[in-house]
Amino acid sequence: MAVIDRVKWDGPESHIAWKFPSQELSTWTQLIVNETQEAYVVSGGVYDGPFGAGRHTLTTENLPVIRSLMGLPFGGNSPFSAEVWFVKKDINLQFPWGTPDPIQLEDPKYRLMIPVRAFGQFWIQIEDTKRFLLTLVGTLPVFDQDAIERFFRGVLTTRIKQAIANSILREGVSVLEISTHLESLSSDLLQVLAPDFERYGIRLSQFNVRSVNVPEDDPAVITLKAALAKRAELGILNFTYEQDRSFDVLDTAAGNQGTAGGVIGAGLGLGIGVGIGGQVAQSMPGVAGVMNTAPAPAPAPVPVQESPESSSGSSPDKSEPSEIIRLLNEVSELRDKGMLDDQEFDALRKQILGGE
């Protein structure tokens, strides 16, 4: 095969690395390297170069490794076999990225498992041409953007999932609020992913997160958004969640005549409802005037000795041990069902037992 007297890039523009098709060179071959490129002459796994932009005449002086490997005489014209690799170095290459499947994350604020999707772009630049050729290109005749995207897809997916999860946890915000933190999230991911590219001679110059979103039809997302809507509604009325829940308990008690209604009624008689009314008066000043005009709650009745006739059909005396046990059991049942929190339960228990 004829010796090549001139070697230059003749590959497609979409390629990042390209190998000249012939290996028949000599020490008088002209190597032409375009701007934004670097070239290496490779033989037997050893590299001579890099050759920057410009015209280079291959000689034993600029091919010291190959000269030593092949025993080429110093000076003169000698044919030899070697590969010439060209790499586009000084340009930024843009790639899209995205999570192929939603990432299951526990919302750090609301403690629900939420599916999260994310996508954006990143830009890379070949920084260490020799390392890039040695570790990534290998024996492939061409290496384009699709090849890089395929190679890093698996690495990126795994690392991005973990990095997004860590960033959301570190920020301490809800998944539904992370869209206001995309700049810091992008910066975090750039720092996390940069070493994965550096080991292949690639510099990750920029990494952008364009969107972090959730599937609107996911049950957990629906539940979370409904809870946030309820919180916003209460916020407009200047309620807290605990106050709203207290009203729910009182409404339920007013409509029930069974066990739950009886024990809540007992609680109201013991003054538990007064505290709730006070909270409402404080949080809703407009209601305070109305509440102040309402009659004061009647004091707890003083136990009196009843005649057999008057006691017929009346409820048992709360001072009876059996009645106290019954009331305590009912209060415990309400707490177990979530109708009373620990503070409300303790207050009722103290009242039933005759405490403060």
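Each residue of the sequence shown is one higher than the one before, starting from 1 at the first, in full-length UniProt numbering. We put the CB at the ideal spot given by N, CA and C, even for glycine.
{"Query": "What does a CB cutoff of less than 8 Å around Ala-163 pick up in its chain, not counting 5 residues either side in sequence?", "Result": "Asp-188, Leu-189, Val-192 and Leu-193"}
{"Query": "Mind checking which residues open and close the beta strand (DSSP E) that includes Phe-152?", "Result": "Per DSSP, Phe-152 belongs to no beta strand (DSSP E); it is in the alpha helix (DSSP H), 145-171."}
{"Query": "Take the Cβ of Asp-90 as the centre, count every other Cβ of all protein chains shown within 10 Å, and call the residue buried at 16 or more, exposed below.", "Result": "exposed"}
{"Query": "DSSP three-state label for Asn-208, please.", "Result": "strand"}
{"Query": "Can you look up Pro-219 in the DSSP assignment and give me helix, strand or coil?", "Result": "helix"}
{"Query": "Are there 16 or more other CB atoms within 10 angstroms of the CB of Gln-351, so buried, or fewer, so exposed?", "Result": "buried"}
{"Query": "Would you call the region 108-122 and the region 44-61 in contact, with 3 or more CB pairs under 8 Å?", "Result": "no"}
{"Query": "Specify the secondary structure class of Val-3 as computed by DSSP and reduced to three states.", "Result": "coil"}
{"Query": "Determine the contact status of Lys-88 and Ile-16, defining contact as a CB-CB distance below 8 Å.", "Result": "yes"}
{"Query": "Note down, in chain order, each residue of its chain lying with its Cβ closer than 7 Å to the Cβ of Gln-23, except the 5 sequence neighbours on either side.", "Result": "Ser-81, Ala-82 and Glu-83"}
{"Query": "Do you know offhand how far Arg-153's Cα is from Leu-334's?", "Result": "53 Å"}
{"Query": "For Arg-55, does the three-state DSSP call read helix, strand or coil?", "Result": "strand"}
{"Query": "Quick one: residues in its chain with C-beta nearer than 7 Å to the C-beta of residue 358, no 5 flanking neighbours on either side, listed in chain order?", "Result": "With the chain covering 1 to 356 only, the question about residue 358 has no answer from this structure."}
{"Query": "Are three or more beta carbon pairs between the region 122-141 and the region 99-111 nearer than 8 Å?", "Result": "no"}
{"Query": "Within a Cβ cutoff of 8 Å, which residues of the same chain sit near Val-42, ignoring the five residues on either side of it in sequence?", "Result": "Asp-48, Ala-82, Glu-83, Val-84, Trp-85 and Leu-133"}
{"Query": "Measure the C-alpha to C-alpha separation of Glu-344 and Glu-323 and round it to an integer number of angstroms.", "Result": "20 Å"}
{"Query": "Would you kindly work out how many angstroms separate the C-alpha atoms of Arg-131 and Gly-201, rounded to a whole number?", "Result": "5 Å"}
{"Query": "If I follow the unbroken alpha helix (DSSP H) through Arg-67, where does it start and stop?", "Result": "64-70"}
{"Query": "Can you give the Cα-Cα distance for Leu-105 and Gly-98, rounded to whole angstroms?", "Result": "16 Å"}
{"Query": "Below 8 Å between beta carbons: does that hold for Ser-14 and Asp-218?", "Result": "no"}
{"Query": "Decide if Val-137 is buried, meaning its Cβ has at least 16 other Cβ atoms within 10 Å, or exposed.", "Result": "buried"}
{"Query": "When burial is assigned at 16 or more other CB atoms within 10 Å of the CB, is Gln-37 buried or exposed?", "Result": "buried"}
{"Query": "Whole angstroms are fine: how far does the CA of Asp-341 sit from the CA of Leu-353?", "Result": "18 Å"}
{"Query": "Specify the secondary structure class of Thr-293 as computed by DSSP and reduced to three states.", "Result": "Its pLDDT being 44, under 50, Thr-293 is placed unreliably in this model, and the value from its coordinates should be taken loosely. If DSSP states are grouped into helix, strand and coil, Thr-293 belongs with the helices."}
{"Query": "According to the Cβ coordinates, are Leu-185 and Val-209 closer than 8 Å?", "Result": "yes"}
{"Query": "Quick one: Cα of Asn-62 to Cα of His-56, how far?", "Result": "9 Å"}
{"Query": "Residues in the same chain with beta-carbon distance under 6 Å from Ala-53, minus the five sequence neighbours each way, listed in chain order, please.", "Result": "Val-33 and Glu-35"}
{"Query": "With a threshold of 16 other CB atoms inside 10 Å of the CB of Ile-168, please say whether the residue is buried or exposed.", "Result": "buried"}
{"Query": "Is Thr-129 buried or exposed, if buried means 16 or more other CB atoms sit within 10 Å of its CB?", "Result": "buried"}
{"Query": "Bridge partners of Asn-213, per DSSP?", "Result": "Arg-117"}
{"Query": "Do you know how far the Cα of Asp-10 is from the Cα of Leu-228?", "Result": "60 Å"}
{"Query": "Would you decide whether Thr-223 is buried or exposed? Buried here means 16 or more other CB atoms lie within 10 Å of its CB.", "Result": "exposed"}
{"Query": "Which value, in whole angstroms, describes the spacing of the CA atoms of Ile-4 and Arg-159?", "Result": "46 Å"}
{"Query": "Quick check on DSSP: helix, strand or coil for Lys-88?", "Result": "strand"}
{"Query": "When burial is assigned at 16 or more other CB atoms within 10 Å of the CB, is Glu-330 buried or exposed?", "Result": "buried"}
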